[in-house]
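To start, the structure itself, in structure tokens.
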Amino acid sequence: MLSQLATALLLASSALAVPTPSTPSSTVPFNADAPAVSPTFKQPPMPKYMPSSTFNSLFGGSSTTAQNLTARDIADNMIRGVPIEVVGGSVVERSGDSVIPLFNKRATLRQTQRQAQIQAQRNIAANCVGSWANDTYISSLFYYGGASTVVNLCKNAVIELDNAIFFTAANQVLQTVGGATGSDRATLVVTGADQSCAIYGAWDGADNIILRNVQIDGNRENLGIIYGGLGLLEFGGNTVGQVIDNVHSFEPRGWTALHAIEGYNNYCTGMQITNNQIGPSGHAPSGAQQFRRRDSTGTYTPGQWADGISVACKGSLVQGNTITDATDGAIVLFGAPGTQVKGNTIIANDRQLLGGINMVDWSPFSGSFEGTVVSGNTINANTNFIKVGVPLGGMTWGVDNRTVARTFGGSVIGNTFISGSTGYFGYAIGMAGHENATILNNNAKRANFGSIESSSCFTSWFPLPNPQSWIRDQWTTPGGTYQKGFSLSTLVLLICRGPSSVTTRGGLSA
């Protein structure tokens with residue numbers, strides 16, 4: 010009994026106003042394979058947190074807690090010789106046949122901690138975070154603040170990070186104060202020498218978190234690429250209902266500006282990626298082996314491409330986003346069954362683009378695009394070259410002709426392909442190695458077409474068709490429903506088109 014009382018007294022007098030959260034249940038990498046096989050997912054370095062005493066001095070409630078008062082009561086009773094004992098986890102005073110609870114360790118501790126968290130959250134939300142802050146400070150607000158913590162960044166703040174900011178619990182929010190939507194949004198800047206991830210939201214159980222109204226600068230132009238690096242924004246994982254809205258994410262050092270990862274056993278569900286401005290993202294090589302960059306945009310070796318938005322979270326919504334000057338896939342769907350991709354705008358201005366909206370990846374859903382709908386999007390080869398507006402099937406990206414490697418399902422409906430006077434496509438929609446798709450009511454009447462076969466590809470086995478609106482391989486695309494005008498040809502490696510000049514102005518409509 011004495012040891013239990015000592016423990017109770019120690020707990021009561023510890024004066025820890027805010028509880029310390031647990032670490033994630035697992036850090037084993039997710040299956041995050043990207044086009045055809047993507048970079049291996051790794052968790053960023055664990056965040057640094059301020060000491061809990063520092064946090065409590067800044068944001069905690071009163072140090073006179075119910076715990077401390079009860080501890081004093083117990084001590085007073087022990088001094089006065091009042092019988093004290095532990096019954097069912099509660100410290101009680103025995104008076105004759107009556108038992109009077111003095112200290113229920115668990116209930117009182119939970120109640121006190123919750124009250125302290127609520128007060129801390131109010132204190133956090135009451136003031137905006139300015140340019141003086143860093144990732145340690147912001148991660149600590151989430152870590153100690155707990156579920157439902159709202160962190161407001163000051164307008165026009167520029168906050169340098171040398172590690173990722175971590176969301177750590179459900180319903181947390183990171184936003185610029187006052188709903189800023191333009192250039193006055195706070196900007197988070199990657200500065201760490203080995204850092205590619207600015208914000209990590211794939212923490213187990215971080216359901217319904219929100220990132221909105223901020224700008225994220227990956228700083229590739231100054232710090233360079235990190236081969237095999239993480240996405241600039243890493244969200245999803247073992248979560249549901251996350252929201253990324255009105256965020257400008259650009260110049261990632263890794264392979265994508267925004268990654269919605271699937272989680273263990275493809276758990277991630279229902280992410281909303283809406284109204285964001287994504288890009289520029291990645292660099293295209295300067296040589297003609299894949300495609301040339303415009304002389305004004307610099308000189309780069311091959312392999313520096315990057316996606317805009319990469320989605321493996323099933324049942325998600327990708328809507329109202331503008332992706333400008335991505336270089337790999339502007340929007341890449343890793344199956345993501347049941348996802349709606351609608352009303353987005355993709356633009357190629359200064360950087361050439363491999364694919365507009367990619368549906369080519371077999372992993373992690375074993376080829377399934379069932380219930381995925383790509384509709385009402387505009388893909389604009391404005392002043393540059395887009396190889397394939399919407400590629401479907403792994404054979405547009407490679408040469409694996411095994412039936413077991415085919416992707417299947419999904420709909421591509423009512424999308425518009427356009428070009429500026431100097432921009433052009435290789436193909437608007439190209440399909441090889443994909444079964445049972447629905448492709449209807451797409452329009453390329455205002456699109457230009459051009460390109461030559463790249464000297465680095467071995468398409469002499471199956472020479473690529475001339476650039477055009479709709480093309481598919483009838484041998485590897487069985488089933489499905491297709492709009493009129495599709496050309497049929499044996500196809501592999503549609504991305505082996507290289508830049509040349511506009512040869513055809515105006516494509517096909519539905």
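Plus 9 on top of the position in the sequence shown (first one is 1) and you've got my numbering. Note that beta-carbon positions come from the ideal geometry of N, C-alpha and C, so glycine has one too.
Straight-line CA distance for residue 57 to residue 289?
The residue labelled residue 57 in the question sits at position 48 within the sequence shown. The residue labelled residue 289 in the question sits at position 280 within the sequence shown. If I take the Cα positions, the gap works out to 30 Å.
Could you name the residues of the same chain whose beta carbon sits closer than 6 Å to that of residue 471, not counting the 5 residues immediately before and after it, in chain order?
Taking the sequence shown and counting its residues from 1, one reaches residue 471 at position 462. Result list for residue 471: 499 and 501, in chain order.
Sorted by chain position, which residues of the same chain lie with C-beta nearer than 8 Å to residue 496's C-beta, five sequence neighbours on each side aside?
Residue 496 sits at position 487 when you count from the first residue of the sequence shown. Here residue 496 has 474, 477, 479, 480 and 481 as same chain residues with Cβ atoms under 8 Å from its own Cβ, once five neighbours each way along the sequence are excluded.
Among 454, 201, 200 and 447, which has the Cα closest to the Cα of residue 489?
Translated into the one-based positions of the sequence shown, residue 489 becomes position 480. Ranking 454, 201, 200 and 447 by Cα distance to residue 489 puts 447 first.
Between residue 351 and residue 326, what straight-line distance do the alpha-carbon atoms span, to the nearest angstrom?
As a working note, residue 351 is residue 342 in the sequence shown. As a working note, residue 326 is residue 317 in the sequence shown. Computed Cα separation, rounded: 8 Å.
Collapsed DSSP secondary structure at residue 363 in the structure displayed:
Indexing the sequence shown from 1 puts residue 363 at position 354. Reduced to three states, the DSSP call for residue 363 is strand.
Kindly list the residues whose CB is nearer than 6 Å to the CB of residue 206, restricted to its own chain and excluding five residues on each side of it in sequence; keep chain order.
Locating residue 206 in the sequence shown gives position 197, where the first residue counts as 1. Taking C-beta separations shorter than 6 Å and ignoring five residues to either side along the sequence, the partners of residue 206 in its chain run 53, 173, 239 and 243, following chain order.
Inspect the beta-carbon positions of residue 321 and residue 344 and report whether they are closer than 8 Å.
Taking the sequence shown and counting its residues from 1, one reaches residue 321 at position 312. Taking the sequence shown and counting its residues from 1, one reaches residue 344 at position 335. Their beta carbons are under 8 Å apart, which means residue 321 touches residue 344 by this criterion.
Just verifying my parser: in three-state terms, what is the DSSP assignment at residue 440?
Here residue 440 refers to the residue found at position 431 when the sequence shown is read from its first residue. For residue 440, the secondary structure class from DSSP, reduced to helix, strand or coil, is strand.
What residue does the alpha helix (DSSP H) around residue 343 start on, and which one ends it?
On the sequence shown, position 334 is the one that residue 343 refers to. First-last for residue 343: undefined, no H or E at that position.
Could you work out which residue in 274, 241 and 247 is closest to residue 215 when comparing CA atoms only?
On the sequence shown, residue 215 is found 206 positions in, with the first residue counted as 1. Selected option, being the one with the closest Cα: 247.
Taking the alpha carbon of residue 411 as the reference point, which residue from 371, 421 and 427 has its own alpha carbon closest?
Against the sequence shown, residue 411 aligns to sequence position 402. Comparing Cα-Cα distances from residue 411 to each of 371, 421 and 427, the minimum goes to 371.
Which residue marks the beginning of the beta strand (DSSP E) containing residue 226, and which one marks its end?
The count along the sequence shown starts at 1 and reaches residue 226 at position 217. Taken as a continuous stretch (DSSP letters only), the beta strand (DSSP E) holding residue 226 covers 223 to 226.
With a CB to CB cut of under 6 Å and the five nearest residues on each side skipped, what residues in its chain are close to residue 180?
Translated into the one-based positions of the sequence shown, residue 180 becomes position 171. Here the set comprises 156, 157 and 217.
Cβ neighbours of residue 137 in the same chain (closer than 7 Å, five flanking residues each side left out)
Within the sequence shown, the letter at position 128 stands for residue 137. The answer, listed in chain order, is 161, 162, 163 and 186.
Whole angstroms is fine: what's the gap from residue 196's alpha carbon to residue 494's?
Here residue 196 is taken as the residue at index 187 of the sequence shown, counted from 1. Here residue 494 is taken as the residue at index 485 of the sequence shown, counted from 1. Approximately 46 Å between the Cα atoms of the pair.
Those runs of the beta strand (DSSP E) which lie wholly inside the stretch 354 to 418 and span at least 3 residues
Counting only runs of 3 or more, we get 354 to 356, 362 to 367, 382 to 384, 387 to 390 and 394 to 401.
Tell me the residue span of the beta strand (DSSP E) that contains residue 259.
Position 250 of the sequence shown, counted from the first residue, corresponds to residue 259. Taken as a continuous stretch (DSSP letters only), the beta strand (DSSP E) holding residue 259 covers 257 to 259.
Starting from residue 196, trace the beta strand (DSSP E) both ways and give me its first and last residue.
What you label residue 196 is simply residue 187 of the sequence shown in a count that begins at 1. For residue 196, the enclosing beta strand (DSSP E) begins and ends at 195 to 199.
What does the alpha-carbon distance come out to for the pair residue 193 and residue 256?
In the sequence shown, counting from the first residue as 1, residue 193 sits at position 184. In the sequence shown, counting from the first residue as 1, residue 256 sits at position 247. In a straight line, the C-alpha of residue 193 is about 12 Å away from that of residue 256.
Cβ separation of residue 376 and residue 347, assumed to be a contact under 8 Å, to the nearest whole Å:
Against the sequence shown, residue 376 aligns to sequence position 367. Against the sequence shown, residue 347 aligns to sequence position 338. Cβ-Cβ separation between residue 376 and residue 347: approximately 15 Å, too far for a contact (criterion under 8 Å).
Look at the alpha carbon of residue 334 and the alpha carbon of residue 414, and state the distance between them as a whole number of angstroms.
Counting from one through the sequence shown, the residue named residue 334 turns up at place 325. Counting from one through the sequence shown, the residue named residue 414 turns up at place 405. Looking at the backbone, the Cα of residue 334 and that of residue 414 are separated by about 30 Å.
Per DSSP, residue 268 is paired with what?
As a working note, residue 268 is residue 259 in the sequence shown. For residue 268, which the question treats as bridged, DSSP gives the partners 243 and 319.
Bridge-paired residues (DSSP) for residue 570:
Residue 570 is absent from the model: the chain starts at 10 and stops at 519.
Quick one: is residue 230 buried, meaning 16 or more other Cβ sit within 10 Å of its Cβ, or exposed?
Locating residue 230 in the sequence shown gives position 221, counting from the first residue. Counting Cβ neighbours within 10 Å, residue 230 comes out exposed, since fewer than 16 surround it.
Give me the DSSP bridge partner(s) of residue 335.
Here residue 335 is taken as the residue at index 326 of the sequence shown, counted from 1. Per DSSP, 290.
Measuring straight from C-alpha to C-alpha, what distance separates residue 384 and residue 128?
Counted from its first residue, the sequence shown places residue 384 at position 375. Counted from its first residue, the sequence shown places residue 128 at position 119. Approximately 46 Å, taken between the alpha carbons.
Quick one: Cα of residue 507 to Cα of residue 135, how far?
Within the sequence shown, residue 507 is the residue found at index 498, counting from 1. Within the sequence shown, residue 135 is the residue found at index 126, counting from 1. Looking at the two C-alpha atoms, the distance is approximately 54 Å.
Would you kindly work out how many angstroms separate the C-alpha atoms of residue 210 and residue 368, rounded to a whole number?
Position 201 of the sequence shown holds residue 210. Position 359 of the sequence shown holds residue 368. Take the alpha-carbon of residue 210 and the one of residue 368: they are about 25 Å apart.
Coil, strand or helix - residue 274 by DSSP
The residue given as residue 274 occupies position 265 in the sequence shown. Residue 274 falls in the helix class under three-state DSSP.
Would residue 267 and residue 219 qualify as a contact pair, given that the criterion is a beta-carbon distance under 8 Å?
Counting from one through the sequence shown, the residue named residue 267 turns up at place 258. Counting from one through the sequence shown, the residue named residue 219 turns up at place 210. With contacts defined as CB atoms closer than 8 Å, residue 267 and residue 219 fail to qualify as a contacting pair.
For the alpha helix (DSSP H) holding residue 459, just list the boundary residues, first then last.
Mapped onto the sequence shown, residue 459 falls at position 450. Boundaries for residue 459: no alpha helix (DSSP H) harbours it, while the beta strand (DSSP E) harbouring it runs 457 to 462, taken from the DSSP string.
So, for residue 341: in the same chain, excluding its five sequence neighbours on each side, which residues have a beta-carbon less than 6 Å away from its beta-carbon?
Here residue 341 corresponds to residue number 332 of the sequence shown, with the count starting at 1. Same-chain partners within the cutoff: 316, 319 and 367.
Give the range of the alpha helix (DSSP H) segment to which residue 147 is assigned.
On the sequence shown, residue 147 is found 138 positions in, with the first residue counted as 1. Counted as a single uninterrupted DSSP element, the alpha helix (DSSP H) harbouring residue 147 occupies residues 144 to 154.
Using the C-alpha atoms, what's the distance from residue 258 back to residue 331?
Residue 331 sits at position 322 when you count from the first residue of the sequence shown. Residue 258 sits at position 249 when you count from the first residue of the sequence shown. Rounded to whole angstroms, the gap between the alpha carbons of residue 331 and residue 258 is 11 Å.
Inter-residue Cα distance where the pair is residue 432 and residue 233
Taking the sequence shown and counting its residues from 1, one reaches residue 432 at position 423. Taking the sequence shown and counting its residues from 1, one reaches residue 233 at position 224. Near 28 Å, if we compare the C-alpha coordinates of residue 233 and residue 432.
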